[in-house]
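Numbering (the numbering used here), first residue to last: 710 to 951.
This report concerns only the one structure given below.
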């Protein structure tokens, strides 16, 4: 079971769905393309509503209305989590006060869109599910917002944003124009990528990344290319990678 499926189970319990763990695992596996279940690929429902309706019809035959509801809980929570992370790490709402409400609204909008493009027999089930979800909205929001996965992803994005800001500040010291800042910032961020560096020493990694970026001189005249190579070397040296 993947970590996110735990939250699908929690919401299924809140909504009193009558499905076994085996049935829920089978549905999750199919939608995520795990174990050969999802023939259309991972999260195919994002782009192929007609394929999703066909899948819902199959699930309805195998597991009944609760199976259809559980499949759509999977869609709802995947969408909600992505939208929530986007809202929490975006710049638009600085206080993030309404991030969870906005994200949940987007997720519910997707379910309504799916409903409007499904066959009539599925629409009845989806309308029931929408009403049930709305009655438990606050509880569902708390489950996902408080999940370790959301906190980890938000923290990772925020750390990357801080790193990018630091890299741009350093890049400005060497850039001769605004066009140079993104280039030098990317170089710095790649130097700082310890995960990719693996077991290489800082010097070995610095030399590898320096060689890569020093070769990127297309469109520059000889003098500009030389200045870029010098600046890259100075950046790597000042950051302790040479």
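Here a beta-carbon is modelled for each residue, glycine too, at the ideal position from N, C-alpha and C.
Everything numeric in this text was worked out from a predicted model, so none of it was measured.
Checklist entry - Can you give the Cα-Cα distance for residue 852 and residue 833, rounded to whole angstroms? => result As a position in the chain shown, residue 852 is number 143, starting the count at 1. As a position in the chain shown, residue 833 is number 124, starting the count at 1. Those two C-alpha atoms are separated by around 27 Å.
Checklist entry - In three-state terms, what does DSSP make of residue 900? => result As a first step, residue 900 must be located in the chain shown, where it is residue number 191. Three-state result, residue 900: helix.
Checklist entry - How is the alpha helix (DSSP H) around residue 733 delimited, first residue to last? => result In the chain shown, the residue the question calls residue 733 occupies position 24. Counted as a single uninterrupted DSSP element, the alpha helix (DSSP H) harbouring residue 733 occupies residues 730 to 741.
Checklist entry - How should residue 933 be labelled, buried or exposed, when 16 other C-beta atoms within 10 angstroms of its C-beta is the threshold for buried? => result Along the chain shown, one-based indexing puts residue 933 at 224. Flag for residue 933 reads exposed.
Checklist entry - How many Å lie between residue 951 and residue 908 at the Cα? => result Stepping through the chain shown from its first residue, residue 951 is reached at position 242. Stepping through the chain shown from its first residue, residue 908 is reached at position 199. Roughly 16 Å between the two C-alpha positions.
Item to check | the stretch 876 to 883 in contact with the stretch 928 to 946 per 3-pair CB rule at 8 Å | outcome: With a cut-off of 8 Å on Cβ pairs, the stretch 876 to 883 is in contact with the stretch 928 to 946, counting three or more such pairs.
Item to check | Backbone CA spacing between residue 768 and residue 776 [nearest angstrom] | outcome: Residue mapping note: residue 768 aligns to position 59 of the chain shown, counting from 1. Residue mapping note: residue 776 aligns to position 67 of the chain shown, counting from 1. Taking C-alpha positions only, residue 768 is separated from residue 776 by approximately 6 Å.
Item to check | residue 826 versus residue 772 - alpha carbon distance | outcome: Within the chain shown, residue 826 is the residue found at index 117, counting from 1. Within the chain shown, residue 772 is the residue found at index 63, counting from 1. Taking the straight line joining both Cα atoms gives about 21 Å.
Item to check | Sequence-distant residues of the same chain with beta carbon closer than 6 Å to residue 812, five excluded per side | outcome: Residue mapping note: residue 812 aligns to position 103 of the chain shown, counting from 1. Taken in chain order, the residues that qualify are 789, 792, 793, 796.
Checklist entry - Helix, strand or coil for residue 883 per DSSP? => result Residue numbering aside, residue 883 sits at position 174 when the chain shown is read from its first letter. If DSSP states are grouped into helix, strand and coil, residue 883 belongs with coil.
Next on the checklist: Relative to the C-alpha of residue 823, which candidate in 723, 895, 782, 945 has its C-alpha closest?
Outcome noted: Position 114 of the chain shown, counted from the start, is the residue given in the question as residue 823. The option with the nearest alpha carbon to residue 823 is 782.
Checklist entry - With burial defined as no fewer than 16 other Cβ atoms inside 10 Å of the residue's Cβ, what is the status of residue 715: buried or exposed? => result By 1-based counting over the chain shown, the position of residue 715 is 6. Under a 10 Å Cβ-count criterion, residue 715 is classified as exposed, with fewer than 16 other Cβ atoms of the shown protein chains found around its own Cβ.
Checklist entry - If you count every other CB in all the chains shown that lies within 10 Å of the CB of residue 807, and 16 or more means buried, which is it? => result Working through the chain shown from its first residue, we reach residue 807 at position 98. Its Cβ having fewer than 16 others within 10 Å, residue 807 is exposed.
Item to check | residue 878 versus residue 895 - alpha carbon distance | outcome: What you label residue 878 is simply residue 169 of the chain shown in a count that begins at 1. What you label residue 895 is simply residue 186 of the chain shown in a count that begins at 1. Residue 878 and residue 895 have their C-alpha atoms spaced approximately 12 Å apart.
Next on the checklist: Just verifying my parser: in three-state terms, what is the DSSP assignment at residue 909?
Outcome noted: As a first step, residue 909 is located in the chain shown; it is residue number 200 there, counting from the start. Taken through DSSP and simplified to helix, strand or coil, residue 909 comes out as coil.
Checklist entry - Over what stretch of residues does the alpha helix (DSSP H) that includes residue 817 continue unbroken? => result Along the chain shown, one-based indexing puts residue 817 at 108. Element bounds for residue 817: 808 to 825.
Item to check | Among 830, 937, 928, 861, the one whose alpha carbon lies nearest that of residue 893 | outcome: The residue labelled residue 893 in the question sits at position 184 within the chain shown. When each option's Cα is compared against that of residue 893, the closest is 937.
Checklist entry - How should residue 764 be labelled, buried or exposed, when 16 other C-beta atoms within 10 angstroms of its C-beta is the threshold for buried? => result By 1-based counting over the chain shown, the position of residue 764 is 55. Label assigned to residue 764: buried.
Item to check | Sequence-distant residues of its chain with Cβ nearer than 6 Å to residue 814 (five each side left out) | outcome: On the chain shown, position 105 is the one that residue 814 refers to. Here residue 814 has no same chain residue with a Cβ atom under 6 Å from its own Cβ, once five neighbours each way along the sequence are excluded.
Next on the checklist: Rounded to the nearest angstrom, what separates residue 821 and residue 838 at their Cα positions?
Outcome noted: One-based indexing of the chain shown puts residue 821 at position 112. One-based indexing of the chain shown puts residue 838 at position 129. Rounded to whole angstroms, residue 821 and residue 838 show a C-alpha spacing of 10 Å.
Checklist entry - Taking the Cβ atom as the reference point for each residue, do residue 780 and residue 740 lie within a distance shorter than 9 Å? => result Taking the first residue of the chain shown as position 1, residue 780 is located at position 71. Taking the first residue of the chain shown as position 1, residue 740 is located at position 31. The answer is yes: Cβ separation under 9 Å.
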